[in-house]
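When we follow this note's numbering, the leftmost residue of the sequence shown carries the number 1368, and every step to the right adds one. By construction, the Cβ of each residue, glycine as well, lies at the ideal position given by its N, Cα and C atoms. Have a look at the structure below before the remarks.
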Amino acid sequence: AGGMSTTSTSIVLENMITDHMLQDEKEYNECLDDIKSECESHGDVLSVAIPKEGVDRGKVFVSFKTNQAAAKAIKELHGRSFDGNMVQARFK
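Below, the structure is given as structure tokens:
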């Protein structure tokens, strides 16, 4: 697929974060923690970032230590429901 590197260790999760989550600091930090611990069940997580503005606003960027962990997370998280939203997961 176009530009989808399968050796990537980073993934993007979309359709997960609402405006409310971005505006409420407590909610925002809880989301970061929840996503990090969810992703850690698939492998070592190096970082989780959710930009609050710009073109990537509200997308979740997760970096794993290995490609296997990233691939596993995509498989597990894609199509899953998070707060009533259908999560889209792909390699970054």
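Query - Own chain residues within Cβ distance below 6 Å of residue 1426, not counting five before or after - result: For the purposes of this step, residue 1426 is taken as the residue at position 59 of the sequence shown. Excluding residues within five positions, the ones whose Cβ falls inside 6 Å are 1379, 1381.
Query raised in the report: What residues match up with residue 1381 in a beta bridge as DSSP calls it?
Result: By one-based count along the sequence shown, residue 1381 stands at place 14. Answer by DSSP bridge pairing, in chain order: 1455.
Query raised in the report: Hey, would you say residue 1416 sits closer than 7 Å to residue 1376, going by beta carbons?
Result: In the sequence shown, counting from the first residue as 1, residue 1416 sits at position 49. In the sequence shown, counting from the first residue as 1, residue 1376 sits at position 9. Not closer than 7 Å, so no.
Query raised in the report: To the nearest whole angstrom, what separates the beta carbons of residue 1440 and residue 1428, a pair I think is in contact under 8 Å?
Result: Within the sequence shown, residue 1440 is the residue found at index 73, counting from 1. Within the sequence shown, residue 1428 is the residue found at index 61, counting from 1. That pair is no contact at about 12 Å.
Query raised in the report: Does any heavy atom of the ligand GDP sit closer than 6 Å to the C-beta of residue 1393?
Result: No copy of the ligand GDP occurs in the structure displayed, which carries no ligand at all.
Requested in this report: Below 8 Å on the Cβ atoms is my guess for residue 1452 versus residue 1383; work out the distance and round it to an integer in Å.
Outcome: In the sequence shown, the residue the question calls residue 1452 occupies position 85. In the sequence shown, the residue the question calls residue 1383 occupies position 16. So it is a contact: roughly 6 Å between Cβ atoms.
Query raised in the report: By Cβ distance, which residues of its chain are closer than 8 Å to residue 1411, with the 5 residues on each side in sequence left out?
Result: Here residue 1411 refers to the residue found at position 44 when the sequence shown is read from its first residue. Answer for residue 1411: 1431, 1432, 1433, 1436, listed in chain order.
Query raised in the report: Which residues in the same chain as residue 1455 place their Cβ atom closer than 6 Å to its Cβ, once the five residues preceding and following it in sequence are excluded?
Result: The sequence position of residue 1455 within the sequence shown is 88, counting from 1. The answer, listed in chain order, is 1381, 1382.
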